[in-house]
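The block underneath contains the structure these notes are about, expressed in structure tokens.
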Amino acid sequence: MKKLTVRNMVLLAILAAWAIVLRMIEIPLLPSATFLKMDFSDFAVLIATLVHGPLGLFVVACLRDLVWYMVTGGDLGLPIGEFMSITASLAMFLPTYFILKGYDRRSENLSRVYMSATLIIALVSVMSVINYYVALPFYTKIMGLPIENFGEYIWAIIIPFNLIKGVIYALGQVLVIRIMKPILEKKQVYFLTKWVHPSK
95 MKKLTVRNMV LLAILAAWAI VLRMIEIPLL PSATFLKMDF SDFAVLIATL
145 VHGPLGLFVV ACLRDLVWYM VTGGDLGLPI GEFMSITASL AMFLPTYFIL
195 KGYDRRSENL SRVYMSATLI IALVSVMSVI NYYVALPFYT KIMGLPIENF
245 GEYIWAIIIP FNLIKGVIYA LGQVLVIRIM KPILEKKQVY FLTKWVHPSK
């Protein structure tokens with residue numbers, strides 16, 4: 095693994111700050127569940143993944159949600175939403191990292207397809223499981239949310255929400271990588287140099 099340089103540490107700190115700001119911009123995606131909102135902070139997390147791989151991803155996602163928890167106090171004092179947020183970031187962008195790592199420039203178009211598909215599938219699958227076993231039991235038992243059938247709720251609310259969110263982020267991911275990769279390469283802070291400069 096590449097050494098975490100001072101330049102990269104500073105850049106990750108800046109990205110974490112941007113993620114916190116973007117976390118404040120929330121939009122509902124489903125008219126039937128306006129309390130579920132998407133924000134754009136994960137684009138900063140994606141750039142952090144490009145800067146320092148899984149470590150950058152994890153550091154920026156954790157800093158974002160740690161600050162958010164300190165500001166909001168979580169759900170009844172517990173960081174359930176923040177845990178869900180970090181989990182969603184990992185689900186979306188860990189596959190992106192490994193796909194970028196495994197494909198050279200000649201397969202770049204194919205890698206975009208894989209990245210988009212795996213982001214959507216991973217987000218929907220992971221968040222459905224986490225909601226079923228963690229979030230929904232907490233919200234129903236502790237906060238009194240009136241949900242009787244977790245399975246029906248996930249199919250009706252959680253899956254459509256994360257499917258829409260996944261499509262938005264999959265499209266945005268391609269655009270962000272296309273714009274940011276040359277900039278990060280030029281500044282010599284792009285993590286996946288092997289993918290950018292494949293051996294011949």
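Just remember that this note's numbering sits 94 ahead of the position in the sequence shown, which is counted from 1.
All C-beta atoms in this analysis are idealised placements derived from N, C-alpha and C, irrespective of residue type, glycine included.
TODO: Quick one: give me the first and last residue of the beta strand (DSSP E) that Ile121 is part of.
DONE: As a working mapping, residue 121 is identified with position 27 in the sequence shown. Segment Glu120 to Pro122, the beta strand (DSSP E) holding Ile121.
Open item on the list: If you reduce the DSSP assignment to three classes, tell me which class Pro132 lands in.
Closed with: For the purposes of this step, residue 132 is taken as residue 38 along the sequence shown, with counting starting at 1. Position check: residue 132 holds Met in this sequence, whereas Pro was assumed. DSSP, reduced to helix, strand and coil, places Met132 within a strand of the structure shown.
Task: Local Cβ density within 10 Å of Ile114, reported as buried at 16 or more and exposed below that - done: Against the sequence shown, residue 114 aligns to sequence position 20. Ile114 should be labelled buried.
Task: Three or more C-beta pairs below 8 Å linking the stretch 132-147 and the stretch 105-119 - done: Yes, since at least three Cβ pairs between the stretch 132-147 and the stretch 105-119 fall closer than 8 Å, the two stretches touch.
- [ ] Enumerate, from N- to C-terminal direction, the unbroken beta strand (DSSP E) stretches of 3 or more residues contained entirely within the stretch 217-287.
- [x] Those beta strand (DSSP E) runs which fall completely within the stretch 217-287 and span 3+ residues do not exist here.
Open item on the list: Please tell me whether Phe161 and Leu106 are closer than 8 Å, where the distance is taken between their beta carbons.
Closed with: Numbered from its first residue, the sequence shown carries residue 161 at position 67. Numbered from its first residue, the sequence shown carries residue 106 at position 12. What sits at residue 161 in the sequence shown is Val, not Phe. Remark: C-beta atoms of Val161 and Leu106 do not approach each other more closely than 8 Å.
Task: Segment contact, 8 Å Cβ cut-off, at least three pairs: the stretch 204-222 with the stretch 230-241 - done: With the cut-off at 8 Å, the stretch 204-222 and the stretch 230-241 do not touch.
- [ ] Tell me whether Leu172 sits in a helix, a strand or coil according to DSSP, three-state version.
- [x] As a position in the sequence shown, residue 172 is number 78, starting the count at 1. Of the three classes helix, strand and coil, the one that applies to Leu172 here is strand, per DSSP.
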